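For any residue, its number in our numbering is found by taking its place in the sequence shown, counting from 1, and adding 995. Using N, Cα and C, we set each Cβ at its ideal position, and we do this for glycine too. Nothing here was measured: the structure is a model prediction, and the numbers come from that model. What follows is a single structure, written as structure tokens, with notes after it.
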Amino acid sequence: MNDKRMISAFSIMETIVGMAITAIIMSIIFVVFSIVTERMMDYKSQNELICDLNRLTYSINKDIFENEKMTFFDNEITFKSYTGENIKYSFQEDYMLRNNEIFIDTFKIKLKQLTIDTLKNKSEQFVFQRLKLNIEVNENKMDLKFYKRIYANELLKKFKD
């Protein structure tokens, strides 16, 4: 009769051992999760930087080939379109801004040096404006070079003025 009243259950020692094992497993999972999260954040920041660099090169190339004139004044490049619209690139210490009449785009790229000069091709038949951006990406310095062809009517305009 005594056996019918006993209920089978865990002892206190079995419960404590189970909780200790669970705590060890949870701490290992937490450490692994922290490491994976940190790696993902590093990957995200590198990916954002590469995306900014790709967007910047695409935007400048597009503006060079779709606009009539490129001028540089006081740390700012202005592209004037055939319709009179202006697109401005402003260069700050840690980022660049592309200001269109519709929206402003931000590129988190450090500009070290900017030069604009004029040069001719090897046959000296065509004249180009060269835009050279010396930037820092992931603590590495690199040059981006863009070329805009200057047509004869623009060259003649300079002589008339």
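Item	Value
Extent of the continuous beta strand (DSSP E) to which residue 1107 belongs	1105-1115
Whole-angstrom C-beta distance between residue 1051 and residue 1132, which should lie under 8 Å	Contact flag wrong, Cβ pair sits at about 10 Å.
Where residue 1128 falls, given that 16 or more other Cβ within 10 Å makes a residue buried	buried
Range covered by the beta strand (DSSP E) that runs through residue 1041	Per DSSP, residue 1041 belongs to no beta strand (DSSP E); it is in the alpha helix (DSSP H), 1007-1061.
Inter-stretch contact (C-beta, 8 Å, three-pair minimum) for the region 1073-1089 and the region 1105-1117	yes
Short Cβ contact (8 Å threshold) for residue 1125 with residue 1114	yes
Sequence-distant residues of its chain with Cβ nearer than 7 Å to residue 1056 (five each side left out)	1141
Separation of residue 1100 from residue 1079, as counted between CA atoms	20 Å
Beta-bridge pairing of residue 1085 - partner residues as DSSP gives them	1071, 1092
Per-residue burial, residue 1098 [other beta carbons within 10 Å of its own, 16 or more giving buried]	exposed
Distance between residue 1041 and residue 1137 (C-alpha atoms, nearest Å)	16 Å
Contact under 8 Å by Cβ, residue 1082 with residue 1070	no
Between the CA atoms of residue 1011 and residue 1020 - distance to the nearest angstrom	14 Å
Rounded C-alpha distance that separates residue 1002 from residue 1009	16 Å
Cβ shell of residue 996 (< 7 Å), same chain only, five flanking positions each side left out	Caution is warranted here: a pLDDT of 48 is assigned to residue 996, below 50, making its placement in the model unreliable, and no coordinate value can be reported.
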